[in-house]
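In my numbering, the protein residues as written are 30 to 305.
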């Protein structure tokens, strides 16, 4: 493709802020990290549902402090500041429900088959060969206005597959364009942020109960980790081998080991080994 068309902040504000579900939205050409910027904004009292989009991130990061490549105009790199008044056990679901909104938006708007690798990596492909197309990072901020969550999403849109680094767990990286999708970034951004606001509304209205609002079932349907033989790397030399049997009500992955025991894990790096 040629030179990417940069996003127009005024048009996005007209669609998502003026009478829309968001309080504020800005687009910057370049920054270190949209998450870092909104963490600072949260400390200054920025409103619930403040959005920052960057055309380029110089210090973008993902889970486990991994760097996220952010070529100018080739992806969608955004963060949302959220102030849900819900119990901490419910708050831990925010990155997972963002994954639901992202995977459903990709499939609905591009036709590319999408699945989620627990907890919230977006995988794209044909069901046999998956590649990582996006990641989500949630960070908690405690300040004078209480706790806030900054939720960052980095989606590869126009990059060529060969220009991208390998993803977590040895997965190759990909983009929507590399999977054959023709994407208008403004329309995709509006669709994604609208979908996220809808799942966030549903989740908050249910008091964070993902069973009552149906989001646990939606996540399970999208989670390609379920049914896989997995290795969960827990830090250091600790790891857990078994079959990913379930996602529980708190968002933990439940692994069934060869001796038939089950262990629920709240944090770890999952490597897909093969279909059980």
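Where is the CB? At the ideal position from N, CA and C, for every residue including glycine.
Could you check what DSSP says for residue i in three-state terms: helix, strand or coil?
i: residue 247; result: helix
i: residue 230; result: helix
i: residue 72; result: helix
i: residue 185; result: strand
i: residue 83; result: strand
i: residue 164; result: strand
i: residue 48; result: coil
i: residue 137; result: helix
i: residue 65; result: helix
i: residue 143; result: strand
i: residue 223; result: helix
i: residue 38; result: helix
i: residue 129; result: helix
i: residue 177; result: strand
By how many angstroms is the C-alpha of residue j removed from the C-alpha of residue i?
i: residue 302; j: residue 230; result: 36 Å
i: residue 115; j: residue 106; result: 26 Å
i: residue 185; j: residue 205; result: 6 Å
i: residue 243; j: residue 235; result: 10 Å
i: residue 117; j: residue 286; result: 29 Å
i: residue 35; j: residue 102; result: 6 Å
i: residue 85; j: residue 288; result: 48 Å
i: residue 208; j: residue 173; result: 45 Å
i: residue 91; j: residue 48; result: Legend: pLDDT at residue 91 = 49, less than 50; position of this residue unreliable, no value from coordinates given.
i: residue 176; j: residue 168; result: 10 Å
i: residue 223; j: residue 50; result: 8 Å
i: residue 122; j: residue 221; result: 18 Å
i: residue 53; j: residue 268; result: 42 Å
i: residue 182; j: residue 61; result: 14 Å
i: residue 200; j: residue 178; result: 28 Å
i: residue 187; j: residue 45; result: 23 Å
Are the CB atoms of residue i and residue j nearer to each other than 8 Å?
i: residue 265; j: residue 284; result: no
i: residue 245; j: residue 278; result: yes
i: residue 261; j: residue 297; result: yes
i: residue 110; j: residue 163; result: no
i: residue 218; j: residue 82; result: yes
i: residue 144; j: residue 127; result: no
i: residue 129; j: residue 263; result: no
i: residue 69; j: residue 79; result: no
i: residue 148; j: residue 124; result: yes
Which residue or residues does DSSP assign as beta-bridge partners of residue i?
i: residue 103; result: Paired residue(s): none; residue 103 is not in a bridge.
i: residue 159; result: 154
i: residue 118; result: BP columns for residue 118 are empty, so no partner.
i: residue 299; result: 261
i: residue 60; result: 86
Using a Cβ-based criterion (distance less than 7 Å to any ligand heavy atom), does residue i qualify as near the ligand GTP?
i: residue 210; result: The ligand GTP is absent from the structure shown, which contains no ligand whatsoever.
Do we get a CB-CB distance below 8 Å when we pair residue i with the residues of chain B?
i: residue 290; result: You won't find chain B in this structure, because it holds only one protein chain.
### Message
So within the segment 238-295, which uninterrupted alpha helix (DSSP H) runs reach at least 4 residues, ignoring any that extend past its ends?
### Response
244-251
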